[in-house]
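Read top to bottom, the protein sequences are chains S and P.
Okay, so the first sequence: first residue is 493 according to our numbering, each after it adds one.
Okay, so the second sequence: first residue is 493 according to our numbering, each after it adds one.
Where a beta carbon is used, it is the ideal one built from N, C-alpha and C, also for glycine.
There are 2 protein chains.
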Amino acid sequence: MQFSFRMPVAVQILLCIAKFDGVFKTTSTFLASSVNINPVIIRKTLGQLKAAGLVEVAAGVGGAKLVKEPREITLQEIFNAVEEDEDLFHIQENPNPKCPVGRNIQQVLGNKLSVVKNHMLDDFAKITLADLLNDINTAEESRQ
Amino acid sequence: MQFSFRMPVAVQILLCIAKFDGVFKTTSTFLASSVNINPVIIRKTLGQLKAAGLVEVAAGVGGAKLVKEPREITLQEIFNAVEEDEDLFHIQENPNPKCPVGRNIQQVLGNKLSVVKNHMLDDFAKITLADLLNDINTAEESRQ
DNA sequence: CTCATTGTAATAACATGATTTACAATGAGT
DNA sequence: ACTCATTGTAAATCATGTTATTACAATGAG
Numbered sequence: 493m494q495f496s497f498r499m500p501v502a503v504q505i506l507l508c509i510a511k512f513d514g515v516f517k518t519t520s521t522f523l524a525s526s527v528n529i530n531p532v533i534i535r536k537t538l539g540q541l542k543a544a545g546l547v548e549v550a551a552g553v554g555g556a557k558l559v560k561e562p563r564e565i566t567l568q569e570i571f572n573a574v575e576e577d578e579d580l581f582h583i584q585e586n587p588n589p590k591c592p593v594g595r596n597i598q599q600v601l602g603n604k605l606s607v608v609k610n611h612m613l614d615d616f617a618k619i620t621l622a623d624l625l626n627d628i629n630t631a632e633e634s635r636q
Numbered sequence: 493m494q495f496s497f498r499m500p501v502a503v504q505i506l507l508c509i510a511k512f513d514g515v516f517k518t519t520s521t522f523l524a525s526s527v528n529i530n531p532v533i534i535r536k537t538l539g540q541l542k543a544a545g546l547v548e549v550a551a552g553v554g555g556a557k558l559v560k561e562p563r564e565i566t567l568q569e570i571f572n573a574v575e576e577d578e579d580l581f582h583i584q585e586n587p588n589p590k591c592p593v594g595r596n597i598q599q600v601l602g603n604k605l606s607v608v609k610n611h612m613l614d615d616f617a618k619i620t621l622a623d624l625l626n627d628i629n630t631a632e633e634s635r636q
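So this is what it looks like as structure tokens:
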């Protein structure tokens, strides 16, 4: 069980937009070929990133640009842009109300897990697009 | 996108075994009625918990018991018992190798995300079954 | 030997994510 | 105003994973 492609795809989109800014027009087709995914997914994801205030997309003419500096864009913002705001885990919705465990599990376990999720979001907040761009460039250099 | 029922179900199973120890025989049918889930799921989950050394199950006669004290059982052990050891997120497996972003995204983003996952596991390690039992009891008392 | 129960396989039902096709709306360039 | 590549979006389909269900051999105390 793991999270879907969504956040990683969004990250790759943003990295490409940053990396190729001024060099290539970053259309959905162009981005789709980097990620190797369907252009419609790219357009949908770009829409979410636009709604989150991270990019602006030129309808008609095509291409996308970052609205903020890479070091001001965190993984947390990207995650929140493309994922629902929901609990980390499914907890059974209809446990037995006659059982002392069943009738309290949602609240008790839910409380603990929401703390864990908040820590995860805090971790995401510490990782910026600039960090990732930097790592990409370092990795590129080490390929000679 | 969220994790499945598996870990929460395993937690509820263990809580019931601890709570009803010596009072009821905790068969898969009994546990299934607390969680309100199919007994086969319970049996399968109990099998995973047994393999992880957390419970012993009496085949034939029925019923399950904890092998360790509740305060020695952590959410991390439970999580690892029922979930695959895999990355937190899917990262596109076939990105474009001609793109400097595509050919490095797995390594770069994967590194960052594995740190986050380890933090999450550390958080899980700090939560014990005894903590949850205690919270259940407190919640029960406040119902009067 | 009996019988409730576990262990397990196989299948179906269901939900969700990803793919693909299609097409109206957009807007810079001519 | 027209063109045309592109976006935005809906709808249908495919793929995958999770949960539910049925079935039955294996288990082991009484």
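{"query": "Assign Phe516(P) to one of three DSSP states: helix, strand, or coil.", "result": "coil"}
{"query": "Alpha carbon to alpha carbon, how far is Lys609(P) from Ala524(P)? Give it in angstroms, no decimals.", "result": "30 angstroms"}
{"query": "Which residue or residues does DSSP assign as beta-bridge partners of Ala556(S)?", "result": "Val549(S)"}
{"query": "Tell me which residues share the same chain as Glu548(S) and place their Cβ nearer than 8 angstroms to its Cβ, disregarding the 5 neighbours each side in the sequence.", "result": "Lys542, Ala556, Lys557, Val559"}
{"query": "Find the nearest neighbour of Lys517(S) within the set Pro500(S), Ile529(S), Val527(S), Ala550(S), judged by alpha-carbon distance.", "result": "Ala550(S)"}
{"query": "Name the residue from Leu580(P), Lys590(P), Lys536(P), Pro587(P) whose alpha carbon lies nearest to the alpha carbon of Leu605(P).", "result": "Leu580(P)"}
{"query": "If you draw a straight line from the C-alpha of Val574(P) to the C-alpha of Arg635(P), how long is it?", "result": "32 angstroms"}
{"query": "Cβ of Asn572(S) less than 8 angstroms from any chain P Cβ?", "result": "no"}
{"query": "Go through its chain and collect everything with a Cβ distance to Ala622(S)'s Cβ below 6 angstroms, but skip five positions before and after it.", "result": "Pro562, Arg563"}
{"query": "Cβ atoms of Ser520(P) and Pro587(S): under 8 angstroms apart, would you say?", "result": "no"}
{"query": "Three-state secondary structure (DSSP) at Phe442(P)?", "result": "With chain P represented from 493 up to 636, any question about residue 442(P) goes unanswered, as that position is not in the structure."}
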